[in-house]
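Asker:
Chains as they are written, first to last, in my numbering: chain W, 1 to 730; chain A, 1 to 225.
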């Protein structure tokens, strides 16, 4: 087949800038072949090379006593004691999900699950953080339905419980939704698998599903802004097959247990190219691939297509040659492809052979090490404008505005489509605070949360970044978990615009500072840039996925308040309403500064909760929506009323940080009050639980009425159905 | 007392069922779908939940034709106990061991939540631990749990007291709220809810544990142990 001539247009179509192409010419020493151009485009796009973000990612806090493996591998690994390790990461699949919501979201879940089990861990928990445009936008309902079905369809069949996540709506996501998928798995700490190849002449083995033309160019697409040609990009979205992934999981874990695996890498973005280069580069070796041996789903595939295909459910592995027969037998048992497609070579070469022809011959180490790295110009985000005066309002009308909005309504419509209990180790299902899963066969529990308040990040990136970390930290503490590590999924607009780059720099500075102060290292992550449509960027959305450890069942705080219990607020309330949910949902306002974040207070208040958990019956972190929303959610879940003494909006809806709502018996409240005085932490009695009404100051409403609104608002806003119930939702 | 839990490619509740049976006192063997025989002395065969063969073609249809299927059918034919949960229920209907079919949920969405059920009959090894008409709560997690059979079959199931469990709230549009049915000899049970997910306090409910405990006690009696 005649390969296209390399023209400036072709280079540009590969997302390579003229100076980047000049660099390629310098490295190769001649004009690259078409396949080589494809390889460079795959390796050097933003998605794979992190060329705009690398410089800043290095400033994050990534180490700690528990960290076994920080950023740079397929996922981060932390020690959870007794020889066990937790492997986890969060990753975006934003652009594919906007183009084809079901498959885009499904393959996002598939990709993150592979990242986890590639390292030898059995996935035990998943979460997803979703941001959509406003319900009135013509695409939103379609996207929500497709994304949720895609996540459920993949995760449920694969068999991982989805135990948490977030769903928000904002006009800035109208043309660019965010789908951030998190997965965590358990492995023995001494049996973690890495991607670095070792040994010369070792067989490189292809595992899993066959290679097709799906997703060719996907990584390049993920690094481009959207415009009105977006519908034409549909063929670059991959198609997921959770059934194959489930078999691939079982076969890989069996293979790893057999001792046959030297190193292993999943084929994600830019499939065969990225995985092979990664294995060779990390091991200081070259790789020779014979593409004729690659299992193919379609006829007459070219080298270019095979090297750039993003077909799902595939792995690349370096095998111990003596164990080939055993390895083959395991894959035959699971009816999966197993093919030796190449070998490791001593020289620094990435040699691609196809049909007796050399299709690419490149210096392997330079593909990643010589990838461009940019120190993009940035301007600091200007200080937030002061908040305009806040009108007075009935606090119950304010609550109705919040719980009647899709962002703060009950999300059962979403999470009931996810299997949250497969594995029979889920201790706390979605709905209220962090999800909790038991480490199988032990009494240890793991808590999972994902958090960010994009409005804060836009108003004040540094503060907003720190707040996302602090909120994740609090959500873990609130269920009795010690926060141990986090993953970040940084979603921003076009980094070539200095104000967007300024948001990125600010957020990462805040995240870094908070993680350092809270000893809450970032061990894995993902950056998604160019989240823009027609030049309009999304709200900066650095999602933080946090994990915490609970030593034993008895240490879990997950009960619901009972009648007669006291409501306490731990932490200072000043009534900060800037960028609050109240302003946004009640008046459509997004003004003022983000709330200040006092990391020392976060630490002290968190430590207080954990130290006095025996006196705490129920606990929730206070975040957007403040005391009023948290108290309502807690009461509604328990099916009892709550009376809050304060009646003013700032006290009820202020979003001051480092605060928790605690429910406990009056005797426990006395004990906590003494302990708080001794520890010097602020603790205030704000009301009590019981009855069948929600009271705030002088206002009151039946809990049942509010609950009905809360439970139906999501489906009503999106699909116009009161409570979609069992009826078909178009 | 011995249980055998079958694993098909795509099963994902096989371990969970094995754990629940073990907790109830069974010695549990794991059986691969390509096997052709059950371990000798098997009292109970567990057909687990999940997405056998990806639910491709039709839920349970391919698993119903697995190499192990004739051995399961023979075990049932001898009066052995068979418990099919969720996808396992679908497999048992596809094998013809239980009447009816499981269609797509009426709401067309996957549904995962803990639901209210009533026990339809206490007259079986599976349900004898519950009082007749007992109200219990078990988790469901399925996309295709909408039980469908013709009116004559439904009348017969009800007339013979073979409705093991009924939904006490709208869940998936099942005919007459049927959540689980027994075979004619009352020794094969298929049910959409997951008792193995409510079998210890950490699950937040233990209503499922009684099913396994009663089955274990009966299996012991059957052996005269």
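Beta carbons: idealized from backbone N, C-alpha and C, even for Gly. Keep in mind it's a predicted model, so treat the numbers as computed, not measured.
1) Could you give the C-beta distance for residue 64 of chain A and residue 91 of chain A, rounded to a whole number, given that I count them as a contact under 8 Å?
2) Is residue 59 of chain A close to chain W, meaning its C-beta is less than 8 Å from at least one C-beta of that chain?
3) Any C-beta of chain A sitting closer than 8 Å to the C-beta of residue 242 of chain W?
4) For a minimum of 3 consecutive residues, which ranges assigned as the beta strand (DSSP E) are wholly contained in the stretch 429 to 491 of chain W?
5) Enumerate in chain order the residues of its own chain whose CB-to-CB distance from residue 411 of chain W is below 7 Å, with the five nearest sequence positions on each side excluded.
6) Taking residue 507 of chain W and residue 542 of chain W to be in contact with their CB atoms under 8 Å, please state how far apart those CB atoms are, rounded to whole angstroms.
7) Is there a Cβ of chain W sitting closer than 8 Å to that of residue 48 of chain A, yes or no?
8) Please tell me whether residue 789 of chain W and residue 211 of chain W are closer than 8 Å, where the distance is taken between their beta carbons.
9) Whose Cβ in chain W lies nearer than 9 Å to the Cβ of residue 56 of chain A?
10) For residue 25 of chain A, go through chain W and note every residue whose CB falls closer than 7 Å to its CB, in chain order.
11) What first and last residue would you give for the alpha helix (DSSP H) that runs through residue 112 of chain W?
12) Under the three-state reduction of DSSP, which class applies to residue 144 of chain W: helix, strand or coil?
13) At which residue ranges does the stretch 226 to 293 of chain W contain complete beta strand (DSSP E) runs of 3 or more residues, listed in the order of the chain?
14) For a contact meaning CB atoms closer than 8 Å, what does residue 335 of chain W contact in chain A?
15) So residue 595 of chain W packs on residue 656 of chain W, CB below 8 Å; how close in whole Å?
16) How many Å lie between residue 731 of chain W and residue 711 of chain W at the Cα?
17) Going along the chain, which residues of its own chain have a beta-carbon closer than 8 Å to the beta-carbon of residue 688 of chain W, five neighbours each way excluded?
18) For residue 53 of chain A, return the contacting residues in chain C, with the cut-off set at a CB-CB distance below 8 Å.
19) Select from W/53, W/8, W/17, W/396 the residue whose C-alpha is nearest the C-alpha of residue 374 of chain W.
20) Three-state secondary structure (DSSP) at residue 722 of chain W?
21) Provide the residue(s) that pair with residue 62 of chain A in DSSP beta bridges, ordered along the chain.
22) Within the stretch 68 to 128 of chain A, note down every full alpha helix (DSSP H) run reaching 4 residues or more, in order along the chain.
23) Residues of the stretch 135 to 156 of chain W in Cβ contact with chain A at a cutoff of 7 Å, in chain order, please.
24) To the nearest angstrom, report how far apart residue 388 of chain W and residue 582 of chain W are at their CA atoms.
25) Would you list, in sequence order, the uninterrupted alpha helix (DSSP H) runs of no fewer than 4 residues that lie entirely inside the stretch 350 to 426 of chain W?
26) Does the CB of residue 315 of chain W have a neighbour CB from chain A at under 8 Å?
27) Compute the Euclidean distance between the alpha carbons of residue 606 of chain W and residue 185 of chain W, then round it to the nearest angstrom.
28) Going along the chain, which unbroken runs of the alpha helix (DSSP H) with 4 or more residues stay wholly within the stretch 656 to 722 of chain W?
29) Closer than 7 Å by beta-carbon distance: list the chain A residues that pair up with residue 416 of chain W, in chain order.
30) Kindly indicate the opening and closing residues of the alpha helix (DSSP H) around residue 166 of chain W.
31) Give a yes or no on whether the C-beta atoms belonging to residue 579 of chain W and residue 473 of chain W are separated by under 8 Å.
32) Which residues of the stretch 126 to 153 of chain A have a Cβ closer than 7 Å to any Cβ of chain W? Give them in chain order.
33) Mind listing the chain W neighbours of residue 94 of chain A? Cutoff is C-beta to C-beta under 9 Å, in chain order.
34) I'd like to know if residue 196 of chain A contacts chain W, where contact means its C-beta is closer than 8 Å to some C-beta of that chain.
35) For residue 116 of chain A, which residues in the same chain have their Cβ closer than 7 Å to its Cβ, ignoring the five residues on either side in sequence?
36) Does DSSP put residue 320 of chain W in a helix, a strand or coil?
Answerer: Working from what's here:
1) Stepping through the second chain from its first residue, residue 64 of chain A is reached at position 64. Stepping through the second chain from its first residue, residue 91 of chain A is reached at position 91. Contact holds; Cβ gap of about 5 Å.
2) Reading the second chain from its first residue, position 59 is the one you call residue 59 of chain A. No, no contact with chain W.
3) To locate residue 242 of chain W, count along the first chain from 1; it is residue 242. Closer than 8 Å: yes.
4) 435 to 438, 445 to 451, 482 to 491
5) Taking the first residue of the first chain as 1, we reach residue 411 of chain W at position 411. Here the set comprises 167, 714.
6) Residue mapping note: residue 507 of chain W aligns to position 507 of the first chain, counting from 1. Residue mapping note: residue 542 of chain W aligns to position 542 of the first chain, counting from 1. Yes, residue 507 of chain W and residue 542 of chain W are in contact; Cβ-Cβ is about 5 Å, under 8 Å.
7) For the purposes of this step, residue 48 of chain A is identified with residue 48 of the second chain, where counting begins at 1. Not one chain W Cβ lies under 8 Å of residue 48 of chain A.
8) Residue 789 of chain W lies beyond the range of chain W shown here (1 to 730); nothing can be said about it.
9) Walking along the second chain from the start, residue 56 of chain A turns up at place 56. Near residue 56 of chain A (Cβ distances below 9 Å), the residues of chain W are 243.
10) What you label residue 25 of chain A is simply residue 25 of the second chain in a count that begins at 1. Those do not exist, as residue 25 of chain A stays about 17 Å from chain W at its closest Cβ, beyond 7 Å.
11) In the first chain, the residue the question calls residue 112 of chain W occupies position 112. Its alpha helix (DSSP H) spans residues 101 to 117.
12) Taking the first chain and counting its residues from 1, the one referred to as residue 144 of chain W is at position 144. In this structure, residue 144 of chain W counts as helix in the three-state DSSP scheme.
13) 261 to 266, 286 to 290
14) The residue given as residue 335 of chain W occupies position 335 in the first chain. What residue 335 of chain W touches in chain A: 9.
15) The sequence position of residue 595 of chain W within the first chain is 595, counting from 1. The sequence position of residue 656 of chain W within the first chain is 656, counting from 1. Right, their Cβ atoms sit about 6 Å apart.
16) Because residue 731 of chain W is not part of the residues shown, which for chain W are 1 to 730, the question remains open.
17) Working through the first chain from its first residue, we reach residue 688 of chain W at position 688. Within the same chain, residue 688 of chain W has close Cβ partners 564, 565, 566, 567, 642, 643.
18) No chain C appears in the structure shown, which is made up of the protein chains W and A.
19) As a working note, residue 374 of chain W is residue 374 in the first chain. Per the Cα distances, W/53.
20) Stepping through the first chain from its first residue, residue 722 of chain W is reached at position 722. Low per-residue confidence applies at residue 722 of chain W: pLDDT is 47, beneath 50, and the placement is therefore not dependable, though the value from the model is reported in the following sentence. Here residue 722 of chain W sits in coil by DSSP.
21) Position 62 of the second chain, counted from the start, is the residue given in the question as residue 62 of chain A. Paired residues: none, contrary to the question.
22) 69 to 77, 87 to 94
23) 152, 156
24) Residue mapping note: residue 388 of chain W aligns to position 388 of the first chain, counting from 1. Residue mapping note: residue 582 of chain W aligns to position 582 of the first chain, counting from 1. In a straight line, the C-alpha of residue 388 of chain W is about 13 Å away from that of residue 582 of chain W.
25) 364 to 369, 395 to 403, 412 to 415
26) Within the first chain, residue 315 of chain W is the residue found at index 315, counting from 1. Judged by the 8 Å Cβ criterion, residue 315 of chain W is not in contact with chain A.
27) Translated into the one-based positions of the first chain, residue 606 of chain W becomes position 606. Translated into the one-based positions of the first chain, residue 185 of chain W becomes position 185. Each residue's alpha carbon lies about 26 Å from the other.
28) 666 to 679, 703 to 719
29) Along the first chain, one-based indexing puts residue 416 of chain W at 416. In chain order: 111, 112, 113.
30) Translated into positions along the first chain, residue 166 of chain W becomes position 166. Per DSSP, residue 166 of chain W belongs to no alpha helix (DSSP H); it is in the beta strand (DSSP E), 162 to 169.
31) Working through the first chain from its first residue, we reach residue 579 of chain W at position 579. Working through the first chain from its first residue, we reach residue 473 of chain W at position 473. No, the Cβ-Cβ distance between residue 579 of chain W and residue 473 of chain W is not below 8 Å.
32) 139, 141
33) Reading the second chain from its first residue, position 94 is the one you call residue 94 of chain A. Correct list: empty, because the minimum Cβ distance to chain W is about 17 Å.
34) For the purposes of this step, residue 196 of chain A is taken as residue 196 along the second chain, with counting starting at 1. Closer than 8 Å to some Cβ of chain W, the Cβ of residue 196 of chain A qualifies, so yes.
35) Against the second chain, residue 116 of chain A aligns to sequence position 116. Once the five neighbours on either side are set aside, the close Cβ partners of residue 116 of chain A are 135, 137, 168, 169.
36) Counting from 1 along the first chain, the entry for residue 320 of chain W is found at position 320. Three-state DSSP puts residue 320 of chain W in coil, outside helix and strand.
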